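Engineer: Before I ask anything, here is the structure I am working with.
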Amino acid sequence: AAAGGGRAAAKRQEESRELSEVEKAEQYVRGVQLRYEKERLIEKMEQTVTAFDEAVRNLRRERFRLDGDLQMAHLRMLVLLQELRLLKEFEKRDNTLVAKLDGKREEKADVVAKMADCQEKLAARKAEIDKLNPRQVFAEFGQLVPETNKFHEQLLRLFKKKIKRQKKKVLKEGDEEGEEEEEESDDDDDMSDLDEEEEEEEEEFCPPGCDPALYEQVCELREKRLDQEEVLGEFQKAVEALKKDKESLVKKDKVMDAALKQTEAEIQQFQTFKQQRLNELHVVITLKMHQVRCLVDGKLPPDLSHTIVFTNLGLRRLRERIDELKDEKEDLRKNQKLLRKQHLQLLKSKKVKEARLKELEARARDVQMLKFGQEVDLEVLERMSVNTVAEELKAQLQKLELQNSRELKAWEAQIQQAAAELANVTKQNTEKLERVAELTSAQHRLEKELNGTQSRMVAEVGPSKERMKAEREQLVSLVKLQAREMEALKAEINMLRRKGGHVYTPSVRKTG
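Per full-length UniProt numbering, the sequence shown starts with residue 1, numbered consecutively.
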């Protein structure tokens, strides 16, 4: 304390004494420096306070923004929760439709694959049919038996002849390794050709004078042709079966397409319904104060249920629509003026025509009074009058019906007559065929007897040469006579078969 008191006293003494000029200058500089540092410290302090306040304000704004974002996120979460509930509610139906669509698509793919397989099989069968060349067998026959050969027609009939035989065993594709034996049916053409029926009943034999080796070769060619026809028939049956399968698959494909379209339409309809239900949910949007145009005294109204949210583009279009409606309104007014002018013109024209109509009615009434002495209703008169055009048409129609009825009866009579002639011709044809069969058997019998007689001529002893010669000539003439009768009957049968008419056979003179 004593020391402190001494320093204070020393300080007062230094202050009481006068300062030199240098000390004053130093003291002034020191004061200026201190004031400057003070100002700097105050300015720095103010800057710090301002920065702090700004940071606080920024944090406050950030807090408000985060609070708004949190509230929006919460509201959006509620909306998403409602959408999730709706989607879970529709999930079962949605999965059912998707499974149905996948099933239809799989069926469609299966049908398409089967169609492709059927098309490949059909192409393979057609290729196999193309490989079979029936003309080659006919060409071989033409080379073997040319037209210059005197037995060409007989061997050609033999070559084309259809015979009953057992069908060869055929190994079918896709079946197990086995063979099925069937009988070949000769009713492909329903036995419409009587020549073929006659040939089937006749016994086959080598024509007299023909080379047996040539005959055997022709028979072998016929067997080859029949084998080829059998194979071709089997291929044709397979092709027809494949075509039927293809047609059924095409129909099934069309059904599948219709089912797919229907399923896709159901899915689209369900998606539309689901979107409608989702659109019914309330959503939340954020608006700034300058975007709100329904303020009351600068404040939000208590009820916002009657307000609508527009985008800026929609609002601009509505404003543009106002101008468009003004233009349309102006156009409608112009059209209204034009229509009024037309209406007035039509009214004037109507008055003129009404006056003209009254004048004509008065003249008609005067004419009726002069002619009939009373007024006549023209409509009743027209209804009572006879329509000559209609009557003429009715008469023509009745005439045509009567003419057609007569022609129909005439044609029916001709049909009955033709049917009777057909039955008669068929009966005659049957009789001729029976006669041909009898003559053929008689010819064979006589040929056998003639051959037997010739063989016994050497062994027999006693008959004279003249008697044997006479008997032989008699038998030969009888055979020739029967042959001519057979030719005449065959010619008549062919004529009756082709034309249905009668033929005059040459007269046959019996000798001996």
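From the three backbone atoms N, C-alpha and C, an ideal C-beta is built for every residue, glycine too.
Just so we're clear, the structure is a prediction, and the values are computed from it rather than from any experiment.
1) At a cut-off of 7 Å, is Glu412 close to the ligand SAH when judged by its beta-carbon and the heavy atoms of the ligand?
2) Would you please state the rounded distance, in angstroms, between the beta carbons of Leu478 and Leu446? I believe it to be under 8 Å.
3) Nearest CA to the CA of Lys104: which residue from Glu264, Leu346, Ala390 and Ala420?
4) Would you mind stating whether Glu106 and Leu278 have Cβ atoms separated by less than 8 Å?
5) Counting only the same chain and skipping the five closest in sequence on each side, list residues whose C-beta sits under 8 Å from that of Lys288.
6) Report yes or no: is there a C-beta of chain C within less than 8 Å of the C-beta of Lys348?
7) Report the option in Leu221, Ile285, Glu407 and Pro212 whose CA atom is closest to the CA atom of Met72.
8) Quick check: what's the CA-CA separation for Asp195 versus Ala116?
9) Beta-carbon separation of Gln482 and Ala442 under 8 Å?
10) Below 8 Å, can you find three or more Cβ-Cβ pairs linking the stretch 84-94 to the stretch 230-250?
11) Where in the stretch 28-84 do unbroken runs of the beta strand (DSSP E), each at least 3 residues long, occur, reported from the N-terminal end onward?
12) Strictly by DSSP, which residues pair up with Val479?
13) Please give the ranges of any alpha helix (DSSP H) in the stretch 349-433, keeping only runs that are unbroken, at least 4 residues long and fully inside the region.
14) What separation, rounded to the nearest whole angstrom, lies between the Cα atoms of Val309 and Leu318?
15) Decide yes or no for the touch test of the stretch 242-256 against the stretch 59-79: beta carbon pairs closer than 8 Å, at least 3 of them.
16) Checking the sheet assignment: what are the DSSP bridge partners for Lys299?
17) State the DSSP-derived secondary structure class of residue 558, mapped to helix, strand or coil.
18) Quick one: using the 10 Å Cβ neighbour count with 16 as the cut-off for buried, is Leu155 buried or exposed?
19) Just checking my contact of His492 with Lys432 at CB under 8 Å: how many whole Å lie between their CB atoms?
20) On the DSSP letters alone, give me the boundaries of the alpha helix (DSSP H) that Glu266 sits inside.
21) Using CA coordinates, which residue listed in Val283, Lys448, Phe141 and Glu247 is at the minimum distance from Arg76?
22) Using 8 Å as the threshold, is the C-beta distance between Leu300 and Val292 below it?
23) Under 8 Å, do Glu361 and Gln368 count as touching if we go by C-beta distance?
24) Using 8 Å as the threshold, is the C-beta distance between Leu158 and Arg222 below it?
25) To the nearest angstrom, report how far apart Phe52 and Asn58 are at their CA atoms.
26) Excluding the five sequence neighbours on either side, which residues of its own chain have a C-beta within less than 6 Å of the C-beta of Asp175, listed in chain order?
27) Determine, using beta carbons only, whether Thr307 and Cys294 come nearer to each other than 8 Å.
28) Does Arg225 pass the burial test, meaning 16 or more other C-beta atoms within 10 Å, or should it be called exposed?
29) Identify whether Phe141 lies in helix, strand or coil by the three-state DSSP scheme.
30) Determine the direct distance from the alpha carbon of Leu315 to that of Glu46, and round the result to whole angstroms.
31) When the Cα atoms are used, what is the spatial distance from Glu62 to His74?
32) For Lys108, which three-state DSSP category applies?
33) Once you ignore the five residues that flank Val98 on each side, which residues in its own chain have a CB closer than 7 Å to its CB?
34) Taking only the alpha-carbon atoms, compute the straight-line gap between Asp257 and Lys246 and give it to the nearest angstrom.
Structural biologist: If we stick to the structure as given:
1) Ligands are entirely absent from the displayed structure, and the ligand SAH is therefore not among its contents.
2) Looking up residue 478 in the sequence shown gives position 478. Looking up residue 446 in the sequence shown gives position 446. So it is a contact: roughly 7 Å between Cβ atoms.
3) Here residue 104 corresponds to residue number 104 of the sequence shown, with the count starting at 1. Comparing Cα positions, the closest option is Glu264.
4) Here the question's residue 106 lines up with position 106 in the sequence shown. Here the question's residue 278 lines up with position 278 in the sequence shown. Result no, Cβ atoms of Glu106 and Leu278 do not sit closer than 8 Å.
5) In the sequence shown, the residue the question calls residue 288 occupies position 288. Excluding positions up to five away in sequence, the list is empty.
6) Here there is only one protein chain, and chain C is not present.
7) On the sequence shown, position 72 is the one that residue 72 refers to. Of the listed residues, the one whose Cα sits closest to Met72 is Ile285.
8) Locating residue 195 in the sequence shown gives position 195, counting from the first residue. Locating residue 116 in the sequence shown gives position 116, counting from the first residue. Low confidence applies to Asp195: its pLDDT is 46, below 50, so where it sits in the model is not reliable, and the reading given next is rough at best. Near 46 Å, if we compare the C-alpha coordinates of Ala116 and Asp195.
9) Position 482 of the sequence shown, counted from the first residue, corresponds to residue 482. Position 442 of the sequence shown, counted from the first residue, corresponds to residue 442. The answer is yes: Cβ separation under 8 Å.
10) no
11) none
12) Your numbering for residue 479 matches position 479 in the sequence shown. DSSP lists no partner for Val479.
13) 378-384
14) Numbered from its first residue, the sequence shown carries residue 309 at position 309. Numbered from its first residue, the sequence shown carries residue 318 at position 318. Approximately 13 Å, taken between the alpha carbons.
15) no
16) Taking the first residue of the sequence shown as position 1, residue 299 is located at position 299. According to DSSP, Lys299 bridges with Val296.
17) Nothing can be reported for residue 558, as the shown portion of the chain is limited to 1 through 512.
18) Translated into positions along the sequence shown, residue 155 becomes position 155. Per the 10 Å Cβ criterion, buried.
19) Walking along the sequence shown from the start, residue 492 turns up at place 492. Walking along the sequence shown from the start, residue 432 turns up at place 432. Note on identity: in this sequence residue 492 is Glu, with His being the wrong assignment. That pair is a contact at about 6 Å.
20) What you label residue 266 is simply residue 266 of the sequence shown in a count that begins at 1. Glu266 -> alpha helix (DSSP H) spans Pro212 to Asn279.
21) The residue you call residue 76 lines up with position 76 of the sequence shown. Here the closest residue by C-alpha is Val283.
22) Counted from its first residue, the sequence shown places residue 300 at position 300. Counted from its first residue, the sequence shown places residue 292 at position 292. Result yes, Cβ atoms of Leu300 and Val292 sit closer than 8 Å.
23) Within the sequence shown, numbered from 1, the residue matching residue 361 stands at position 361. Within the sequence shown, numbered from 1, the residue matching residue 368 stands at position 368. No, the Cβ-Cβ distance between Glu361 and Gln368 is not below 8 Å.
24) In the sequence shown, residue 158 corresponds to position 158, counting from 1. In the sequence shown, residue 222 corresponds to position 222, counting from 1. Their beta carbons are under 8 Å apart, which means Leu158 touches Arg222 by this criterion.
25) Translated into positions along the sequence shown, residue 52 becomes position 52. Translated into positions along the sequence shown, residue 58 becomes position 58. Their Cα atoms are separated by approximately 10 Å.
26) Numbered from 1 along the sequence shown, position 175 holds the residue referred to as residue 175. The predicted position of Asp175 is uncertain, since its pLDDT is 44 and thus under 50; no value can be drawn from it.
27) The sequence position of residue 307 within the sequence shown is 307, counting from 1. The sequence position of residue 294 within the sequence shown is 294, counting from 1. It is a contact, given that the beta carbons lie within the stated cut-off.
28) As a first step, residue 225 must be located in the sequence shown, where it is residue number 225. Counting Cβ neighbours within 10 Å, Arg225 comes out buried, since at least 16 surround it.
29) The residue labelled residue 141 in the question sits at position 141 within the sequence shown. Phe141: helix per DSSP, three-state reduction.
30) Within the sequence shown, the letter at position 46 stands for residue 46. Within the sequence shown, the letter at position 315 stands for residue 315. Cα to Cα, the separation comes out at about 48 Å.
31) Indexing the sequence shown from 1 puts residue 62 at position 62. Indexing the sequence shown from 1 puts residue 74 at position 74. Between Glu62 and His74, the C-alpha separation is close to 18 Å.
32) Counting from one through the sequence shown, the residue named residue 108 turns up at place 108. Lys108 falls in the helix class under three-state DSSP.
33) In the sequence shown, the residue the question calls residue 98 occupies position 98. There are no such residues.
34) Position 257 of the sequence shown, counted from the start, is the residue given in the question as residue 257. Position 246 of the sequence shown, counted from the start, is the residue given in the question as residue 246. So the alpha carbons of these two residues sit roughly 16 Å apart.
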